[in-house]
Structures are given as structure tokens and as C-alpha cells.
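Here's the structure we're looking at; comments come further down.
Number of protein chains: 4
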Amino acid sequence: MGSSFGQQFRIATWGESHGGGVGVTIDGCPAGMELSEADIQPDLDRRRPGQSRVTTPRDEADRCEILSGVFEGRTLGTSIAILVRNQDQRSSAYEDFKHIYRPGHADYTYQAKYGYRTWQGGGRASAREAIGRVAAGAVAKKILAEKFGTRIVGWVQQVHTIAAETGWEGVTPEAVEANMVRCPDPATAERMIERIDQARNEGDSVGGIVRCVAENVPPGLGDPVFDKLDADIAKAMMSIPACKGVEIGDGFSSIALTGKEHNDAFYMEGDRVRTRTNHAGGILGGISDGEPVRVSCAFKPTATIAHPQESVDDQGNAVTLKAKGRHDPCVLPRAVPIVESMLALVLADHWLRQAAYRMGE
Amino acid sequence: MGSSFGQQFRIATWGESHGGGVGVTIDGCPAGMELSEADIQPDLDRRRPGQSRVTTPRDEADRCEILSGVFEGRTLGTSIAILVRNQDQRSSAYEDFKHIYRPGHADYTYQAKYGYRTWQGGGRASAREAIGRVAAGAVAKKILAEKFGTRIVGWVQQVHTIAAETGWEGVTPEAVEANMVRCPDPATAERMIERIDQARNEGDSVGGIVRCVAENVPPGLGDPVFDKLDADIAKAMMSIPACKGVEIGDGFSSIALTGKEHNDAFYMEGDRVRTRTNHAGGILGGISDGEPVRVSCAFKPTATIAHPQESVDDQGNAVTLKAKGRHDPCVLPRAVPIVESMLALVLADHWLRQAAYRMGE
Amino acid sequence: MGSSFGQQFRIATWGESHGGGVGVTIDGCPAGMELSEADIQPDLDRRRPGQSRVTTPRDEADRCEILSGVFEGRTLGTSIAILVRNQDQRSSAYEDFKHIYRPGHADYTYQAKYGYRTWQGGGRASAREAIGRVAAGAVAKKILAEKFGTRIVGWVQQVHTIAAETGWEGVTPEAVEANMVRCPDPATAERMIERIDQARNEGDSVGGIVRCVAENVPPGLGDPVFDKLDADIAKAMMSIPACKGVEIGDGFSSIALTGKEHNDAFYMEGDRVRTRTNHAGGILGGISDGEPVRVSCAFKPTATIAHPQESVDDQGNAVTLKAKGRHDPCVLPRAVPIVESMLALVLADHWLRQAAYRMGE
Amino acid sequence: MGSSFGQQFRIATWGESHGGGVGVTIDGCPAGMELSEADIQPDLDRRRPGQSRVTTPRDEADRCEILSGVFEGRTLGTSIAILVRNQDQRSSAYEDFKHIYRPGHADYTYQAKYGYRTWQGGGRASAREAIGRVAAGAVAKKILAEKFGTRIVGWVQQVHTIAAETGWEGVTPEAVEANMVRCPDPATAERMIERIDQARNEGDSVGGIVRCVAENVPPGLGDPVFDKLDADIAKAMMSIPACKGVEIGDGFSSIALTGKEHNDAFYMEGDRVRTRTNHAGGILGGISDGEPVRVSCAFKPTATIAHPQESVDDQGNAVTLKAKGRHDPCVLPRAVPIVESMLALVLADHWLRQAAYRMGE
């Protein structure tokens with residue numbers, strides 16, 4: 150279980166890194182929207198390994214095919230199924246770890262949960278699982294952009310100890326895509342790339358922070374109590390492999406402020422209620438207030454490294470694990486479209502859920 | 150919607166701060182467990198306002214009544230309904246803000262969502278909503294303790310800029326309850342209390358960090374992909390009012406490490422797979438690995454302060470808001486049982502969900 | 150589990166016949182609707198035992214209390230909790246069956262499921278569970294009436310072999326309530342009452358058919374594939390204790406027709422698409438077509454009878470069961486408001502779910 | 150929405166009759182089970198059109214491909230995705246009805262719901278949607294057979310007014326498959342085939358009754374209150390296109406009995422609780438009692454006929470519809486594997502849900 154996300158804009162991903170393919174179904178996409186593979190492929194290309202030297206060298210074409218839910222170029226309102234075939238399945242690369250629990254990976258916990266697992270490429274814990282998220286996220290982005298002019302942009306804010314000067318405002322997709330590390334601060338981007346190169350050369354890996362902002366979000370999205378907008382965002386982000394922390398707005402930094410400093414004062418801008426500051430990250434009481442939604446995600450350093458590591462095998466023997474071949478020393482740049490997608494999915498879901506709330510009027 | 154949480158151990162809370170009462174139903178609690186109000190009341194008392202001078206002066210008895218699901222002292226396996234009647238409803242205290250959106254509160258966003266709201270005590274955004282969480286959490290804690298000897302303990306790690314020296318290990322409930330701020334580091338606790346007193350005197354408020362650890366968690370809990378154990382924990386915590394950030398294990402601090410430093414090496418302890426370190430916070434690939442589960446939550450400074458604040462009313466007029474009476478300058482101590490409860494709820498839910506996974510064997 | 154119903158207008162019932170009370174929470178009722186106990190009590194009174202001599206002699210006041218979700222007489226959009234306290238708990242009446250599985254009852258199956266059960270009044274299988282359904286159904290009826298002028302009326306069509314002449318059209322609540330058996334055909338009603346009296350005198354029981362129609366249902370309600378409107382209605386009805394069969398429109402009788410005879414021809418009535426006949430019962434492809442929704446439910450004869458019956462006890466001994474005291478020989482009249490409620494709940498839920506479908510326009 | 154079914158053994162179907170294909174994902178299938186396409190294809194072949202002269206002449210190969218969730222021939226416990234490509238898409242056959250609402254079909258209601266629809270082959274209302282159900286049902290059947298020796302067999306009990314003599318016991322798959330109408334009573338089968346041939350020759354269609362029984366069902370499956378086993382079965386069956394009525398056990402016939410006659414007496418068979426009769430159809434209080442589960446489904450006559458019919462187009466004009474080409478005068482034989490599949494899906498789901506119930510012991 151656990152392969153579906155959302156309630157009214159509901160996605161379900163499937164597929165392992167090795168097997169026939171990976172994919173997603175989207176149930177609840179409104180009818181009548183223009184949609185084709187061309188809306189989806191660009192984000193898949195941003196997630197794809199092999200797009201630059203700072204990512205994994207595996208080259209996967211990841212061409213998507215819409216199998217259902219679209220007729221004559223418009224959505225039918227029924228399930229949209231999207232398929233991406235697997236390629237480049239070098240299962241032999243994993244043969245040596247067949248019986249070994251790789252530290253930092255899900256090998257042991259899958260075995261503990263299921264009593265059976267695929268040793269090929271991590272199964273559902275594979276990074277390829279995110280293809281379904283990104284494909285569905287592209288659809289969610291499109292809906293939100295058309296309905297509200299919502300702009301969702303994510304970027305790499307920090308790699309290891311190297312943090313960008315970038316603030317929350319004014320980040321453009323162009324600035325993000327201008328370099329291979331997806332940091333809109335060009336000078337810092339250069340240093341990040343150097344740091345990643347260093348990690349690769351040392352057989353090591355680094356983590357960092359991805360930030361994401363959604364502008365033009367209508368007020369009123371999010372449910373009270375458990376399905377708060379920020380709660381669902383936190384879940385969405387923490388469900389991305391390697392994510393270990395999530396903040397909304399000022400997050401942990403809000404602690405340094407007192408209530409007087411932190412409360413965002415209300416004022417009127419024409420007939421629209423606005424706040425002077427946005428410490429809250431666009432969400433009050435779990436419901437969007439119309440200000441930009443701001444999210445930060447901490448990603449741990451990638452688990453796959455080229456160093457020998459102490460571990461055990463599935464028979465309970467102590468072993469030393471040594472990875473072979475090249476590794477991906479930093480997933481941050483490829484995580485950016487995934488973070489954007491998850492934010493878009495939560496917003497689209499809550500927008501559609503909101504539809505029912507005002508029916509009493 | 151959004152008032153229910155969990156899938157197999159599923160709770161639904163209801164109730165506003167003003168009205169007949171607040172409560173919770175628990176659907177999915179296994180049959181045959183001993184249960185009475187005495188298992189629940191102690192945690193409600195820890196959440197209750199008025200228990201010490203660092204919390205809100207409102208004195209609420211919060212006596213719980215189990216209305217269903219228990220027969221002759223044992224659970225029936227059917228829905229357990231728990232009711233706490235409201236008292237001390239001084240709605241006049243809110244009369245002045247009837248038409249004003251309080252900064253940092255959910256007044257405006259509720260209005261934006263529903264087009265109608267109660268101006269008495271925040272409605273569902275009231276702190277009293279947590280009564281249902283804590284009551285259900287007490288049941289979840291009891292199950293986990295009986296089944297696995299699971300111990301869940303939370304504490305206040307930081308208030309404003311004052312951080313405890315407390316590490317992740319060895320914190321006891323006794324040390325936590327030894328002082329009114331629920332910080333197991335007595336010297337820091339004193340300074341925290343002073344800081345809270347200062348905030349009260351200044352009409353201001355402070356936030357901080359609550360930490361929580363669960364020991365003796367069986368491996369295998371958590372679903373791959375979206376319903377990861379850490380993802381559900383993140384949602385659970387972020388759904389607590391005023392929570393703005395969540396970390397699992399090292400969280401944002403993991404960024405300072407490289408993969409070589411961060412990966413937790415596996416070793417055998419008898420026939421049990423263990424890890425040498427626990428940077429991951431007991432969760433790998435979204436599934437528990439048997440090590441202690443570690444969570445940190447950032448709480449923003451309380452929104453209610455005694456300072457005049459810029460705001461608007463529901464007619465779009467600029468107004469200055471000035472709170473009356475005493476306020477609660479720091480919710481951290483009372484948030485501790487809520488954080489513990491949410492962690493217990495997620496673990497109990499995933500334990501019961503896990504039941505179905507190994508049926509194929 | 151299994152105590153909740155609906156997705157967007159979601160109810161959860163709780164409570165056993167013996168214990169503190171029974172109740173329901175409604176999550177998803179739109180905000181701003183006028184609502185008070187006076188909207189709910191009349192249907193509870195129609196379900197209540199002791200209202201006439203053809204029902205069980207137990208006299209239960211069943212006064213409802215709205216505990217949350219309503220402020221100044223209007224719904225808040227948040228969970229509405231409704232409580233009915235238990236009274237008249239003569240557990241001694243059940244003492245003799247403490248260890249015996251009553252034929253036709255759920256004693257054995259609850260024991261098989263939970264390994265523990267209450268022997269007092271059937272636990273969740275008690276007829277009192279329906280109080281929550283009827284209370285929530287009254288709210289759903291009110292919404293639908295206000296929004297669409299929807300009229301939902303149910304009646305007893307058949308008792309044992311005595312069938313009313315009543316057709317699908319023109320049945321009024323007044324005609325239904327004009328006699329204690331709730332059959333709008335007065336002559337047949339007399340014969341039904343005689344048949345029920347006879348069953349009581351013989352210590353036996355009888356079943357029958359309840360019909361229900363909803364007029365002024367907007368077209369477009371119901372989801373394709375699994376959550377079809379008729380599928381959800383079938384589930385709703387079959388979840389009522391003692392219901393063993395459900396039909397939509399002509400149901401089993403449609404078999405006697407050929408396609409040429411059964412297809413309902415479309416025509417225009419002004420700008421509204423209508424059908425000449427309504428064999429389909431207002432639902433095509435699982436979606437309402439705007440014609441009256443028609444449902445028939447078969448109820449088996451009541452399981453509690455005064456005759457000695459062969460059975461076993463929970464130790465596996467053969468026993469002879471003999472009921473004491475008076476019994477309820479026919480549940481049909483009291484089932485009428487339950488059937489109406491379940492139909493209203495399904496329609497209200499699908500109406501709110503439908504809200505999201507046209508958002509793409 | 151509405152494209153998924155089940156909670157713990159959860160399936161989601163997707164696909165229209167025209168487009169890339171149809172398929173299903175199964176989330177929650179236990180790990181470690183042997184599974185391949187060969188387990189699924191036989192039931193798909195039984196559903197396939199063109200298998201005999203009494204079904205539609207369209208010949209569809211319907212070869213299935215398992216895309217995920219299986220590794221080295223065994224299930225991983227993660228989502229199983231199954232794909233069947235579309236072929237034989239003669240959209241021109243539908244071109245004439247592009248703007249016409251076909252009586253008895255979902256054309257008008259889809260338009261009312263979505264405001265946009267595919268005119269090719271009925272979209273999600275196409276009979277091809279059942280491919281996903283049957284594929285998933287084959288997996289559910291396999292689990293149940295391996296775990297409990299559960300045998301599920303369905304058959305055609307009645308076609309138009311021609312009813313088989315077949316009782317509930319002793320029906321074998323071999324007897325069912327021995328003739329093209331899937332009626333285990335060979336003499337009646339001949340007459341049914343004649344009746345279907347007659348309907349085809351007259352350009353008309355006929356409906357009937359499919360029965361299905363599950364033997365070796367463990368007691369304890371089904372949840373109290375709303376998710377009763379019979380309630381979920383009723384929903385499952387009523388969600389099959391053209392199904393208009395569902396009965397459990399004696400169903401509507403139970404009305405002819407009194408309580409004394411209908412109650413199934415308990416007795417011990419060794420250490421197993423049995424009932425002397427099975428009027429209840431293996432379910433008491435919504436929970437299986439270990440006796441065979443018995444279900445009857447009424448199917449209306451097929452909507453597609455060759456006669457001219459009165460209708461309207463999507464501009465509100467009166468039109469006369471005349472179907473072209475050959476039609477399928479009776480869906481009953483092909484509905485048999487679908488009915489079996491839905492019963493298997495409900496049972497597998499409740500078996501896995503039941504796993505959590507006894508955890509308290």
C-alpha cells in the first residue's frame with residue numbers, strides 16, 4: 150500500500166527500476182483540459198539522470214506515453230495513465246549486493262517489511278519511482294497555472310556547507326536552469342559544482358537544501374486539523390527519498406523571533422487581504438492566506454558512495470561493502486523538479502477539495 | 150473534511166472550544182485490550198491549561214468519558230468514542246475580535262475557506278482540538294507499550310534561543326516532568342522558565358523545539374513511496390497548531406555531513422540487525438529499522454500577544470488589534486504530550502497496517 | 150474499522166446499545182447552513198422503538214444533542230458531532246444468551262472476527278447503531294431539499310406475502326405516515342398490520358420490501374467505474390441490518406423485458422433531457438440522469454423470535470435457545486427512515502464530490 | 150474519481166475502449182506469492198468478446214503484460230501494474246452517434262457530469278473497462294485458493310424468462326464452461342442459446358441472472374456497520390455495467406419465509422460451527438460465518454440493439470437512432486468471470502483487512 154497520494158486529485162505510482170516500466174495514474178483531473186505528452190516530457194527531462202556531469206551517468210530516455218484519459222487532446226475527467234518504459238537495466242551492477250544490506254539504503258527495511266525484495270536497483274525505493282510523481286506534477290502545474298496563474302519554482306539553496314544568497318523572492322525558472330546545479334545564484338552555483346566534483350572524486354556524497362515557492366495561490370486551500378495544507382506539504386516532501394527535514398516559511402528559524410516579530414500584520418491591498426511580511430510561508434492555521442507558499446527541504450547526503458562500508462548480509466554475517474562503478478554524489482539538482490511536483494500535487498488536490506466547501510452558499 | 154487521521158488505527162476529532170464539547174473516535178483499535186478513562190486522563194492533564202504558571206491561566210478540568218467501544222473494561226474492536234465537555238467558555242473575551250482578523254491566527258483563512266466562522270475561541274483552530282489527539286494518543290501509547298514495550302518520550306529542547314544540552318538518549322519521563330517547562334536539563338529549564346516569564350511580562354511570546362523519541366519500535370513499519378513512516382510523522386507533527394518545521398533524525402543537520410559520515414553502518418547484535426549510529430532517526434526508505442525513531446518539531450512563537458498589532462477587519466478596514474487579559478506566552482510545555490501522541494498514533498497505525506503485509510507467507 | 154461512510158459528506162457512527170450512548174460525526178457538511186436539533190429529532194422519532202404496537206415495546210427517548218460544528222444556528226463547515234444517550238439498558242434481558250450464538254444474529258460472527266464481544270444487546274449490530282445514520286441522514290436530506298428541492302420518501306411495499314398496490318409515483322410522506330406500518334396503500338396497510346400481529350402472537354417474525362424514491366435529483370451525480378451512484382446506493386442499503394437484496398429501478402424485473410422494451414427513450418422537455426419511461430431508476434452508467442432515483446430493499450424476517458431454536462454456545466455445546474419477553478416481529482416500519490437516510494447520504498456525498506468535476510471549465 | 154476499489158487489497162483501473170490500452174494496478178497484494186501472466190490470461194480469455202457466437206463478434210486478443218510488482222516470478226508486495234493494449238479500434242462504427250445520446254447508455258450522463266466525453270466506444274463505460282477487474286480478480290482468486298482453498302464459481306442462472314434448474318451446491322467450473330452460455334444445466338443452456346439467437350435475429354437483446362458462490366471462506370471476514378461483507382459485495386456487483394439488482398443468499402425470496410423458517414440453526418461439526426441451512430448466504434451481521442457465500446446479480450437487457458429508437462442529440466434535437474452492424478444480444482456469459490472477479494476482490498480485501506483485527510491478542 151502507500152502508493153497513492155491525494156484525495157481529489159489522486160495519483161498512484163507503480164514500477165520498479167527493473168521490470169517493464171514505471172508509471173502513474175491520475176484520478177480526478179478535471180475534464181476538458183488540453184493535455185499531451187509535450188506538457189509532461191520537459192519535467193521528466195529535468196529529473197532524468199545523465200543530463201549533466203553532476204548527476205548519475207546513467208542515460209535514460211524516459212519517454213512518456215499517455216495511455217488513457219485524454220481524447221482529441223483534452224482530458225476526459227477519467228483516469229489518466231502515463232507509462233515510461235524502463236531501459237538501461239544493468240542488473241549485473243547490483244549482483245554483488247544481492248544479499249547485502251547497503252547502509253543508508255532501504256534494503257534491510259524492505260526485507261524486514263516484506264520478507265522478500267528485489268535486489269535490482271532498489272525496487273520501489275529506486276529514484277525511478279519519482280518519474281510518476283514528476284509526470285503527475287506536470288499535469289498539476291498546468292492546471293494551477295491555467296486556473297490561477299500559479300507559478301511554482303524550486304531551486305538548490307545549499308549543497309553541503311555552501312549556501313546561496315538567494316532570498317525567497319524573484320527566483321525565475323530561467324535563473325534556476327541556467328546552471329547544472331539549479332542554483333539561481335551563479336557564483337554560489339560554481340562553488341556548489343566544485344564541491345560536488347570533489348565529493349565524486351573522493352568517492353563520497355553530499356546533501357543540501359532545496360527550496361520551493363508557489364506564487365498566486367488562492368486563499369482558502371487546506372483543511373483544518375489533520376489535512377492542513379502545510380501538513381500535506383510536509384508529508385509530500387518527506388516522502389521524497391533522502392528528504393530528512395521540511396520547513397514552512399521561516400520554519401526552524403522562526404524560533405529566533407518573538408511573537409511580536411513573527412506575526413505577519415494584515416493590511417488591505419485594494420480589496421485583497423495581504424500580509425506585510427511572510428514569516429508564515431503563506432499558510433495560517435493550515436489554510437493558504439494568498440501569500441506565496443514557501444517550503445524548504447533538507448536532503449541527506451546520497452547513500453551510495455564508493456567507500457568501503459561496514460555492513461551485514463541477509464544471513465547475519467558481517468561484511469564489508471564496496472560500491473563499484475560511478476555514483477551520483479549529489480541528488481539535489483534532480484530533486485528540484487520532484488519537489489516542485491509534490492508542491493503542485495498538494496495544491497491541486499486541495500484546490501479541488503475546496504470545491505465542495507462553499508456549496509452551502 | 151480533514152478531521153480524521155490514520156488508516157487502520159483511524160481517529161477522527163471533533164469539537165470547537167465553544168460548544169458542547171470536544172472529542173475523538175478511534176476506529177480500528179484491536180479487540181480485547183484493557184482500557185479505561187484512567188489510561189487517558191493523565192495525558193489530558195499534561196495538556197491542560199492552568200497546570201503551571203508558564204501556561205495559560207484558564208483552568209479546564211478536561212475530564213474524559215469513554216462512550217463506546219469498551220465492555221467490561223476491555224476494548225470491543227469497534228469504535229471508541231471519547232468525550233470531554235467544554236467548560237469555562239468566556240466567549241466575551243473574544244467579543245472584541247468578532248470582526249477582526251488576528252495576525253498569526255486562522256481567522257482570515259477560515260473566513261476565506263468557509264465564508265462563515267465562529268469568532269469564539271478559534272473554532273477548530275482552538276488549542277482544545279488537541280484534546281482528541283491526546284486522548285487517542287494515550288490509547289495508541291498503551292497498545293504499543295503492551296505489544297512491543299515501546300517507550301515514547303517527548304521534551305522541550307529549546308525555548309527561543311535557549312537550548313538544552315540534552316542528547317537523544319536516556320531521557321526519562323520523570324526528568325521531563327520534573328519541571329514545569331518539561332525540559333529534562335534542569336539548569337536550562339530554569340533559564341527557559343525565566344525567558345517565558347520575561348515574554349509574559351513584555352506581552353510577547355516565544356517558540357522553540359520539542360523533541361520526541363520512540364524506543365523499541367519493531368522494524369518494518371512504514372509503507373514505501375507516499376505513506377512512508379517519516380512522511381506520516383511529518384504530516385502528523387505539522388498538523389499540530391504552530392508547528393512550522395519537522396526533522397527526522399539529524400534532519401537539517403545531516404547536510405553538514407558527507408555520505409561517508411552520515412550512513413549508519415549495520416552490524417549484528419545477536420540475531421538482530423543494528424546500526425552503529427542513528428543519523429537516520431530509525432527510518433530507512435520510509436520504513437523503521439528497529440533503532441529509536443527521533444523527531445524534532447519547530448514551534449513558532451504563540452500568535453496571541455498583548456501588543457497592539459496592525460490588522461484588518463472583515464469589512465476590509467484597517468484596524469489596530471490589542472489583546473486583553475492574560476495570554477499564554479509559550480505553548481511548548483503543553484505541546485509535549487501532543488507531539489508524543491501524534492508519534493504514537495502514526496506508529497500504532499503503521500503497526501496495524503503492517504499486519505496485512507506478511508499474510509502471503 | 151468500517152464505521153464511516155461517504156467521501157466528501159463523510160459520516161462516522163459509534164456506540165453500542167449498552168454503554169454511554171450512540172452518535173455520529175459528519176465531516177464535510179457545507180458551511181453556513183441553518184441547522185438545529187429540531188431538524189434531526191423527527192426522523193429519530195420515526196426510527197424509535199415503541200412508537201406503535203407493531204414495533205418493539207422498548208421505549209427510548211433518543212433525544213439528540215449537537216455537540217459541535219454549529220455556531221449561532223448555522224453550520225461551520227467543520228465536523229458536526231451528534232450524541233444520543235443510551236437509556237433503558239436492561240442487560241439482564243441478555244444475560245441468558247451470554248454464551249449462546251443466537252441464530253440469524255451476529256453473535257457468532259463477531260466472536261469469530263474479534264475474539265471478544267459484548268453479549269449485551271448485540272454491540273454494534275444493535276438496531277441502535279442506526280440512530281447515527283438517521284441523524285446524519287436528516288442533515289443530508291435538509292441540504293438536498295434546500296439546494297435542489299430534492300424529495301426523498303420511503304415506504305413499506307410488502308410485508309411477508311402481502312404486497313401494496315402502490316406504484317413508484319405520487320407517494321407522499323403524509324400517506325406513508327398515515328398508518329403505523331408506513332404503507333401508503335391504506336387497505337393493504339391494514340392487512341400488513343394483521344399479518345404482523347399474527348406473527349407476534351405466534352412468536353414468529355416477518356420481513357418484506359421497503360421502497361424509496363428521490364425526486365429532483367440533478368443529473369451528473371455518481372462516478373464512473375466503482376463508485377457508481379447505484380453501486381454506492383447498493384452498499385448503503387445492504388449495510389442496513391437485515392437487508393438481503395437491493396434493486397435499482399426495475400431491478401430483477403428488468404429481466405422479463407427485452408432491450409427494446411427496457412431502454413428508456415430520451416426526449417426534450419423544454420431544455421431538459423428527459424426519458425419517456427424510468428426502468429433504469431434514474432441512473433445510467435452509474436450516473437444520475439435527472440429522473441427519480443428508485444430503490445427497493447428486501448429485509449429478511451427479524452432474527453429474534455420467541456420459538457425455541459437449535460444452536461451452540463461458545464464452548465461448542467449444542468443448546469436450545471428460547472427467547473424471553475416480547476420481541477419485534479417486523480422491523481420494516483422503523484427501517485423506512487433508515488432507508489431514506491442512506492439514500493440521502495449517498496446523494497449528498499455524490500453532489501459534493503461532483504463539485505470538483507467541472508472545475509476545469 | 151471512483152476508479153479504485155478495496156482498501157487493503159486495492160485496485161485501480163484505467164483506460165477507455167479507444168486509446169493506448171486498459172489496465173489495472175493492484176496495491177496491497179502480499180509479498181512472496183508466485184505470479185505470472187499465465188495466472189491472469191485464462192480469465193481474460195473468458196471475458197473476451199468473440200469467443201463464441203453468442204457474444205459480440207469483435208475479436209480482441211487482450212494479451213496482458215505485468216509491468217511491475219513481480220520479481221523472479223514472485224510478488225514484491227508493491228504495486229502490480231497490468232497492461233492490456235487496445236486493438237480493433239473501429240471508431241468509425243461510432244461516428245454516427247457522435248452527437249446522439251444512445252438510450253440505455255451513459256452518453257447523456259457522462260456529458261451531464263463532465264461536460265466533455267469521448268464518443269468512441271463509451272469511454273470508461275466501455276465493456277473493456279472490465280479487463281482490469283478480471284485481471285485483478287484472477288490475482289485475488291489465486292491468493293484465496295492458496296490460503297484457504299477458496300473456490301469461486303459463477304454461472305448464468307437465467308436468460309430472459311428461461312431459468313436453470315441449477316441449485317446453489319455442486320456447480321463445477323467444468324460444467325459451467327461446457328457450453329457457450331455458461332449455464333451448468335445443459336438442457337436449459339440449449340434453450341438459453343436459442344433465446345439469445347432469437348434476440349440477435351430480432352435486433353433485440355436480453356438480460357438475466359448470474360449467480361456466484363464462494364466456498365471455503367474463513368469466518369470473520371467483513372466489518373461491522375458500513376463496510377459489511379455483503380455491503381461491499383453489493384457495491385462490487387452493482388458497479389458492473391448493466392447490473393440492476395443484487396441478492397445475498399435467499400435475497401428477495403427470504404421475504405416469503407418467516408423468522409422461524411429463515412433463521413439458520415447452528416450446530417457443531419467437529420470443532421467447527423456450522424449452520425443447518427444457508428438462507429443467509431454465508432454472512433451474518435455483515436461478517437462471514439464460514440458457510441458458502443452466495444450472490445445473485447440481475448443484468449438488464451443489453452442497451453445496444455438494432456431497432457430504431459427515439460432519442461435526442463447534444464443540441465437538444467429529437468432524433469431517431471438506428472444502430473448499425475452486429476450487436477451483442479446478451480452479455481451474461483461474458484459477465485460470469487467479472488462477477489467471480491468482483492467477489493474474489495471483496496473477499497481478498499476483507500481477508501487482508503481482517504489481519505489487523507486480532508493483533509490485540
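Same order as they appear, the protein sequences are chains A, B, C and D.
Counting in the numbering used here, the first sequence runs from 150 upward without gaps.
Counting in the numbering used here, the second sequence runs from 150 upward without gaps.
Counting in the numbering used here, the third sequence runs from 150 upward without gaps.
Counting in the numbering used here, the fourth sequence runs from 150 upward without gaps.
Ideal Cβ placement from N, Cα and C applies to all residues, glycine included.
**Item:** Closest residue to residue 363 (chain C) among C:397, C:167 and C:357 (Cα-Cα distance)
**Value:** C:397
**Neighbourhood of residue 338 (chain A) by C-beta, 6 Å cutoff - its chain only, sequence neighbours within 5 removed** = 328, 330 and 332
**Message:** What does the Cβ neighbour count give for residue 245 (chain D), buried or exposed, with the cut at 16 atoms within 10 Å?
**Reply:** exposed
**Request:** Please list, in chain order, all residues of the same chain as residue 254 (chain A) whose beta carbon is under 6 Å from its beta carbon, the five residues on each side excluded.
**Result:** 452
**Of the residues D:368, D:400 and D:367, the one placed nearest residue 383 (chain D), counting alpha carbons only** = D:400
**Prompt:** With which residues is residue 403 (chain C) paired in a DSSP beta bridge?
**Reply:** Bridge partners of residue 403 (chain C): none, in fact.
**Message:** Distance cutoff 9 Å, beta carbons only. Does residue 280 (chain A) sit that close to anything in chain B?
**Reply:** no
**Request:** Give the single residue among B:179, B:282, B:475 and B:265 whose Cα lies nearest to the Cα of residue 164 (chain B).
**Result:** B:282
**Request:** Count the other CB atoms, across all protein chains shown, that sit within 10 Å of the CB of residue 336 (chain A); report buried if there are 16 or more and exposed otherwise.
**Result:** exposed
**Request:** Would you check if the distance between the CB atom of residue 471 (chain B) and the CB atom of residue 411 (chain A) is smaller than 9 Å?
**Result:** One thing to note: residue 471 (chain B) has its Cβ no nearer than 9 Å to the Cβ of residue 411 (chain A).
**Request:** Would you give the residue range spanned by the beta strand (DSSP E) that residue 292 (chain B) belongs to?
**Result:** Looking at the DSSP string, residue 292 (chain B) is not in any beta strand (DSSP E); the run it does join, the alpha helix (DSSP H), is 279-297.
**Item:** Same chain, Cβ closer than 6 Å to residue 103 (chain A), five either side skipped, listed in chain order
**Value:** Lying outside 150 to 510, the shown extent of chain A, residue 103 (chain A) is not represented and no answer is given.
**Item:** Residues near residue 466 (chain B) in its chain [Cβ-Cβ closer than 8 Å; skip 5 each side]
**Value:** none
**Request:** With 9 Å as the threshold, decide whether the Cβ of residue 220 (chain C) is near any Cβ in chain B.
**Result:** yes
**Asked** Can you name, in chain order, every residue of its own chain whose Cβ lies under 6 Å from the Cβ of residue 173 (chain B), other than the five neighbours on each side?
**Response** 160, 162, 231, 281, 284 and 285
**Request:** Excluding the 5 residues preceding and the 5 following residue 386 (chain C) in the sequence, name in chain order all residues of the same chain whose CB lies nearer than 7 Å to its CB.
**Result:** 392, 395, 444, 446, 488 and 491
**Item:** Interface flag, residue 149 (chain C) vs chain A, CB-CB below 9 Å
**Value:** Look at the range of chain C in this structure, 150 to 510, and you will see that residue 149 (chain C) is not part of it.
**Asked** What residues in its chain sit with their C-beta under 6 Å from that of residue 154 (chain B), if we drop five residues either side in the sequence?
**Response** 160
**Item:** Close Cβ partners of residue 347 (chain A) (< 7 Å) along its chain, the five nearest in sequence each way excluded
**Value:** none
**Request:** Examine the Cβ distances between the region 418-436 of chain C and the region 360-377 of chain C and report whether three or more of them are shorter than 8 Å.
**Result:** Below 8 Å, enough C-beta pairs join the region 418-436 of chain C and the region 360-377 of chain C to call them touching: three or more.
**Request:** Could you name the residues of the same chain whose beta carbon sits closer than 8 Å to that of residue 196 (chain B), not counting the 5 residues immediately before and after it, in chain order?
**Result:** 211, 279, 280, 283, 483, 486 and 487
**Chain-ordered chain A contacts of residue 273 (chain B) [CB-CB under 7 Å]** = 373 and 374
**Prompt:** Under 9 Å Cβ-Cβ, which residues of chain B neighbour residue 450 (chain A)?
**Reply:** 403, 404, 406, 407, 408, 409, 410, 411 and 412
**Request:** Could you please give the first and the last residue of the uninterrupted beta strand (DSSP E) stretch that includes residue 394 (chain B)?
**Result:** 392-397
**Prompt:** On the premise that residue 188 (chain C) lies in contact with residue 408 (chain D), defined as a C-beta separation below 8 Å, what is that separation, rounded to the nearest angstrom?
**Reply:** The pair is not a contact, with the Cβ atoms about 35 Å apart (cut-off 8 Å).
**Request:** With 9 Å as the limit, tell me which residues of the region 433-449 of chain B have their beta carbon closer than that to any beta carbon of chain A; keep them in chain order.
**Result:** 433, 434, 435, 436, 437, 438, 439, 445, 447, 448 and 449
**Request:** Starting from the C-beta of residue 334 (chain C), find all residues in its chain whose C-beta is less than 6 Å away, skip the five residues before and the five after it, and write them out in chain order.
**Result:** 313, 314 and 315
**Message:** Suppose the cutoff is 7 Å on Cβ atoms and the five residues either side in sequence are ignored; what does the same chain contact list for residue 168 (chain A) look like?
**Reply:** 235
**Prompt:** Between the region 456-485 of chain B and chain A, which residues of the former have CB atoms less than 7 Å from a CB of the latter, in chain order?
**Reply:** 456, 458, 459, 460, 461, 465 and 467
**Test item: CB-CB of residue 494 (chain C) and residue 220 (chain C) under 9 Å** = no
**Item:** Distance between residue 297 (chain C) and residue 183 (chain C) (C-alpha atoms, nearest Å)
**Value:** 16 Å
**Item:** Backbone secondary structure at residue 189 (chain D) - three-state DSSP
**Value:** In this structure, DSSP gives residue 189 (chain D) a state outside helix and strand, which the three-state scheme calls coil.
**Request:** For my contact list, residue 171 (chain A) and residue 233 (chain A) are in at a C-beta cut-off of 8 Å; report their separation, rounded to the angstrom.
**Result:** By a beta-carbon distance limit of 8 Å, residue 171 (chain A) contacts residue 233 (chain A). Their separation comes to about 5 Å.
**Request:** Per DSSP, which residues does residue 417 (chain D) bridge with? Please list them.
**Result:** In the DSSP output, where bridge partners are listed per residue, residue 417 (chain D) has D:422.
**Beta-ladder partner(s) of residue 500 (chain C), from DSSP** = DSSP output for residue 500 (chain C) lists no bridge partner at all.
**Request:** Answer with yes or no whether the minimum CB distance from residue 286 (chain A) to chain C is below 9 Å.
**Result:** no
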